[in-house]
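Just below is one structure, and these are the notes that go with it.
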Amino acid sequence: MGLAGCATADWNSPQPPTTPIGTPAAGFMPEVEPSPEATVNPDAGSWADVRPSPGYRVVLLTSGDDVTTQSISTAVTEWAQESDVDLRRVEAGADPIVAIVDAMEMKPELIVTAGEDLIDALAIVTPNHLDIRFLVLGAELAEPTYNVTAVDWSGAGFRGEGLGTATHFDESSFTPERCADAIRAGAAAVLTGTTGIVLWIE
478 MGLAGCATAD WNSPQPPTTP IGTPAAGFMP EVEPSPEATV NPDAGSWADV RPSPGYRVVL
538 LTSGDDVTTQ SISTAVTEWA QESDVDLRRV EAGADPIVAI VDAMEMKPEL IVTAGEDLID
598 ALAIVTPNHL DIRFLVLGAE LAEPTYNVTA VDWSGAGFRG EGLGTATHFD ESSFTPERCA
658 DAIRAGAAAV LTGTTGIVLW IE
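Numbering follows my numbering, with no gaps: position 71 of the sequence shown is 548.
Here it is, written out as structure tokens:
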């Protein structure tokens, strides 16, 4: 397990909850509020005008060095730089649960995850820590609680070992553009209070 970060702010110091700058365009969410665990199909780009106010405390939790994880990590890093996010990193080792706990103990406002090896561990940990928000990119939990939001697309939809996937896996679908849309759409949902769902982007 590895820790990394480039920010100097003390996360032990309290700060007001981060608020969104901007609002989603029409078509980001259905007119009727989605039910828990629902899959929502936001219109392309409807999340583009939403970003966090500066200093948003985010941990990027990763597992593995495969191409898909690297693509998501790069997209999250670029989003953080563009949005003045206070981003720190945790890389999981042999026991993903240890890494998840380490990420939570950093007291972030949001934990963004990348890597299929984290999914089963997240399914165990997240229901017991409902005060911590998680954003899962390129995968999802089979039964997410309201603190877990996911973003999937055609080619990405891993749900855990032994469970069916929402789509046939396609490594080539993890393009820079798709991963950039994923972090922005997911962050927009979390920042505007629509959590516990799966966003399906195309």
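Cβ atoms here follow ideal geometry from the backbone N, Cα and C, with glycine treated the same way.
In this text the structure is predicted, and so the values were computed from the model without any measurement.
Identify, in the order they occur along the chain, each residue of the same chain with its Cβ nearer than 8 Å to the Cβ of residue i, setting aside the five sequence neighbours on each side.
i	result
residue 586	494, 495, 533, 534, 535, 610
residue 637	596, 597, 600, 618, 619
residue 489	584
residue 527	497, 498, 499, 500, 501, 661, 664, 665, 668, 669
residue 604	622
residue 525	502, 661
residue 511	517, 671, 674
Can you list, in chain order, the residues of its chain with a C-beta nearer than 6 Å to that of residue i? Leave out the 5 residues immediately preceding and following it.
i	result
residue 518	677
residue 474	What the structure shows of the chain is the stretch from 478 to 679, and residue 474 is not part of that stretch, so it cannot be assessed.
residue 656	548, 549, 552
residue 625	603, 611, 618
Alpha carbon to alpha carbon, what distance is there between residue j and residue i?
i	j	result
residue 537	residue 589	5 Å
residue 658	residue 555	12 Å
residue 575	residue 618	18 Å
residue 581	residue 501	28 Å
residue 539	residue 652	18 Å
residue 548	residue 592	10 Å
residue 487	residue 577	20 Å
residue 542	residue 516	28 Å
residue 607	residue 594	21 Å
residue 531	residue 613	22 Å
residue 566	residue 505	29 Å
residue 602	residue 507	30 Å
residue 513	residue 648	28 Å
residue 564	residue 492	16 Å
residue 644	residue 546	18 Å
residue 509	residue 675	15 Å
residue 646	residue 562	30 Å
residue 616	residue 679	15 Å
residue 627	residue 635	11 Å
residue 654	residue 521	12 Å
residue 650	residue 557	22 Å
State the CB to CB distance for the pair residue i and residue j, rounded to an integer number of angstroms; the pair is presumed to be in contact (CB under 8 Å).
i	j	result
residue 673	residue 623	4 Å
residue 553	residue 660	5 Å
residue 550	residue 529	That belief does not hold up - the Cβ atoms of residue 550 and residue 529 are roughly 18 Å apart, past 8 Å.
Give a yes or no on whether 9 Å exceeds the smallest Cβ distance from residue i to chain D.
i	result
residue 605	Protein chains in the displayed structure number just one, and chain D is not present.
So, with DSSP's three-state summary, where would you put residue i?
i	result
residue 590	strand
residue 655	helix
residue 677	strand
residue 556	helix
residue 574	helix
residue 562	coil
residue 513	coil
residue 534	strand
residue 567	strand
Under 8 Å: does the beta carbon of residue i sit that close to some heavy atom of the ligand ADP?
i	result
residue 496	This structure simply doesn't include the ligand ADP, nor any ligand for that matter.
Does the count of Cβ pairs from the region 565-572 and the region 623-639 closer than 8 Å reach three?
no
Would you be able to state if there are at least three C-beta pairs under 8 Å between the region 495-513 and the region 654-673?
yes
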